Amino acid sequence: MQTNFSAAQLADPHVAESEKILRKCVHCGFCTATCPTYVTLGNELDSPRGRIYLIKDMLENGRPADKQIVTHIDRCLSCLACMTTCPSGVNYMHLVDHARAHIQETYRRPLLDRLTRAMLAFVLPYPARFRAALRLAKLGKPFVGLFEKIPALKPLGAMLKLAPVSIPTASPMASPGIHAGQGTKKGRVAILTGCAQSVLDPAINDTTIALLTRLGVEVVVPEGEGCCGALVHHMGREPAALASARQNVDAWTRAIENGGLDAIIITASGCGTTIKDYGFMLRLDSAYAEKAERVSALAKDITEYLASLDLPEPVRKPGTIVAYHSACSMQHGQKITRQPKELLTKAGFVVREPREGHLCCGSAGTYNILQSEISAKLRDRKVRNIEATGAQIVATGNIGCITQIASAAKLPVVHTIKLLDWAYGGPRPEGVSEERLVAAE
Ligand code: SF4
Ligand code: SF4
38 MQTNFSAAQL ADPHVAESEK ILRKCVHCGF CTATCPTYVT LGNELDSPRG RIYLIKDMLE
98 NGRPADKQIV THIDRCLSCL ACMTTCPSGV NYMHLVDHAR AHIQETYRRP LLDRLTRAML
158 AFVLPYPARF RAALRLAKLG KPFVGLFEKI PALKPLGAML KLAPVSIPTA SPMASPGIHA
218 GQGTKKGRVA ILTGCAQSVL DPAINDTTIA LLTRLGVEVV VPEGEGCCGA LVHHMGREPA
278 ALASARQNVD AWTRAIENGG LDAIIITASG CGTTIKDYGF MLRLDSAYAE KAERVSALAK
338 DITEYLASLD LPEPVRKPGT IVAYHSACSM QHGQKITRQP KELLTKAGFV VREPREGHLC
398 CGSAGTYNIL QSEISAKLRD RKVRNIEATG AQIVATGNIG CITQIASAAK LPVVHTIKLL
458 DWAYGGPRPE GVSEERLVAA E
C-alpha cells in the first residue's frame, strides 16, 4: 500500500513503525473472511482491511481520532485472526495498538464510557480491588435487567452478569516464594500469578505449580510481579501498560540473576501474547530494551513448556471426549496450535476441535463488557460449535475464554492444565463430575 507520510511525521518512531506495517498491506482482503466482526456485522469498516484504511487516513493526516474511527476500532477484538490469514505478513497487532494509543490521546469519549474504562483500568489489574469489586457485584446482580435496557449502562449490566456467584478464596501458593521440585531437578521456572485469573480461578496456578513440582521442576513466584498490562494496553493506556511491563521485567530479571530461569510460565494465553511482545513495547527505552527482550524470549505458555519436557506415562488414561477451544491469543497471538492438543491426547483424552475454531469466542479482555452485544453473538456461535462436537468437557488455556464460554455452555469448561494434572496423578478438577472424566474407563 502506498503511503504519504512527511519526513517530520516519520521522525516519530511509532508513526515510522506503523508506516512500515501499512506498506506491507496489498489490499487483497483475504483477512476479511476470517475476521469475527466482519463475519458478524458484514461491514467493510469492521474488517481488518477497512480498519487499516481508517488508521492510515488518521495517521497520515495527523488527525485526532473521530467518532467513526473510534466506533470501528473499538469493535475490533484484537483477536489477530487477520494476522494468521494475511499472506503479506501485516503486523495488525502493532498497528491497532498504535491506533488505540492515538485514540486514547486525542479523543474525548462520552462521560459514562470514560468512567467505565477508568474503572476497569483501576480495578481489573489489581487482585485485591477486583476481589472487592466482585463482592460488591453480588449486590448489583438483581439490577442486571435494568442496566441492560439503558444503552450507556450496558457495560455495567454485562459486568454484573459475568461476575461469579461465589468467589474462591485467595491461594497461599501465589505468594512470593519457591516451590521445590520433587526428585531429580528437571528445571527452574518462574510463574506469572497474574491478576484477574488469580481471583476468578486460583486453582489454575496452584495446579500448574503442583504438576510442575511433581515433574521435578522448581517453581519460583517472584516478589514484585503483577498484571502483565494487557488489559490497559488494549484500552490504549500506554503509560500504564509500559509501567506494568517494566515492573514485571524487573521482577523476572531479579529471578534470572538469582538462580537462573529456564522459562517464565504463563497460564493465561492473553497475558502470554503481551509478555512475548515486551521486547517490542519497551524497544525505545534504553534502560529496559535488552532486559525486556530477554524476558520475552523466556516467556512460555504452560503447554509449550510441558511439551518440551520428557513426560512420564499418565497414571490414568480417561478416554473422555474433550472439545479443545484454542484461544485467539494462543493460536493467532502466539501461534501455539499443536502442543495443547498433543498433550491432551498423550494424557489419554480424545480431542475434538469445534468448527470455525479460528473465530473468537467474544471474550477478548474487556470486550465482553464494552461490546456486549457483538460479544454475545460470538459466544453463542462458539458454544453451538463446541456443543456440536459431542464432547463431555471443554478445555482451553485462557481464563477470559473459560468465563465467556461457561456463561452460556452446558458443559464444564476447564483450563487444559487441570485435565493434564488429573491424568498425571492430581485431583479431579473441581466442577467436573467423576462420571464425565471416567466416561470411557
Ligand atoms: S484483530 Fe480480529 S476483530 Fe480485529 S480486525 Fe483482526 S480479525 Fe478482525
Ligand atoms: S490479508 Fe493482509 S495484505 Fe490482504 S488486505 Fe488483509 S492485511 Fe492487507
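Everything in the sequence shown is counted per the numbering used here, starting at 38 for the first residue and increasing by one.
The beta-carbon is built from N, C-alpha and C at its ideal position, and this holds for glycine as well.
On a predicted model such as this, the values are computed, not experimentally measured, just so you know.
Per DSSP, cross-strand counterpart(s) of residue i
i: L433; result: It is worth fixing the name first, because residue 433 is Thr in this sequence and not Leu. Bridge partners of T433: H362 and H452.
i: E255; result: R225
i: R389; result: A360
CA nearest to the CA of residue i, picked from the options
i: L161; options: G263, G177 and K223; result: G263
i: I106; options: C116, M95 and S115; result: M95
i: L171; options: I204, E142, I215 and E471; result: I204
i: S208; options: A277, V258 and S412; result: V258
i: L199; options: V181, G266 and A189; result: V181
i: T77; options: D299, L396 and S333; result: L396
i: D299; options: D111, P349, S345 and S281; result: S345
i: D417; options: E393, G402 and L407; result: E393
i: S470; options: A334, I436, P449 and A413; result: P449
i: G427; options: R274, G266, L148 and P391; result: P391
i: A282; options: G297, I293, G261 and E294; result: G261
i: L176; options: I187, G194, P188 and K186; result: G194
i: P213; options: N41, V256, A460 and T121; result: V256
i: M196; options: I293, A460, A413 and G462; result: A413
i: T121; options: I439, S366 and G462; result: S366
i: L190; options: T304, R151, I358 and Q376; result: R151
Backbone secondary structure at residue i - three-state DSSP
i: R60; result: helix
i: E478; result: Its pLDDT being 45, under 50, E478 is placed unreliably by the model, and the measurement read from it follows with that caveat. Three-state result, E478: coil.
i: D338; result: strand
i: A425; result: coil
i: A300; result: strand
i: V214; result: Before going further, note that residue 214 is Gly rather than Val in the sequence given. Note: G214 maps to strand in three-state DSSP.
i: V332; result: helix
i: Y75; result: helix
i: Q105; result: helix
i: A460; result: helix
i: R146; result: coil
i: H369; result: helix
i: M130; result: helix
i: T121; result: helix
i: Y404; result: helix
i: K93; result: helix
i: F317; result: helix
i: S43; result: coil
i: E262; result: coil
Rounded separation between residue i and residue j - CA only
i: D243; j: L229; result: 11 Å
i: S235; j: E379; result: 26 Å
i: Y404; j: A240; result: 24 Å
i: A477; j: C68; result: For A477, the predicted model reports a pLDDT of 46, less than 50, meaning its position is unreliable and no value from the coordinates is stated.
i: G99; j: H51; result: 13 Å
i: L381; j: V388; result: 7 Å
i: Y129; j: C123; result: 9 Å
i: P464; j: D458; result: 7 Å
i: L343; j: A384; result: 12 Å
i: A227; j: G434; result: 18 Å
i: V254; j: R353; result: 21 Å
i: K178; j: E330; result: 43 Å
i: L173; j: T153; result: 16 Å
i: I215; j: I246; result: 10 Å
i: A360; j: I423; result: 6 Å
i: E327; j: R320; result: 8 Å
i: L348; j: G297; result: 22 Å
i: F42; j: L132; result: 15 Å
i: Q368; j: H64; result: 24 Å
i: G273; j: Q141; result: 6 Å
i: G316; j: I439; result: 28 Å
i: L82; j: Y90; result: 8 Å
i: V127; j: K222; result: 42 Å
i: E446; j: Q219; result: According to the sequence provided, residue 446 is Ala. The question's Glu does not apply to it. A446 and Q219: Cα-Cα distance of roughly 38 Å.
i: A45; j: L59; result: 18 Å
Under 8 Å between C-beta atoms of residue i and residue j
i: A432; j: L456; result: yes
i: S363; j: D338; result: no
i: H135; j: S55; result: yes
i: G370; j: L114; result: no
i: K57; j: S125; result: no
i: L415; j: P85; result: no
i: I25; j: L248; result: It is not possible to answer for residue 25, since the shown part of the chain is limited to 38 through 478.
i: G356; j: A336; result: no
i: R112; j: Q408; result: yes
i: E275; j: A102; result: no
i: K372; j: C398; result: no
i: G325; j: V269; result: Per the sequence shown, residue 325 should be read as Tyr rather than Gly. Their beta carbons are not under 8 Å apart, which means Y325 does not touch V269 by this criterion.
i: P201; j: L237; result: yes
Residue-level contact to chain C via CB, residue i, 8 Å cutoff
i: G66; result: Among the chains in the structure shown there is no chain C, since it carries only a single protein chain.
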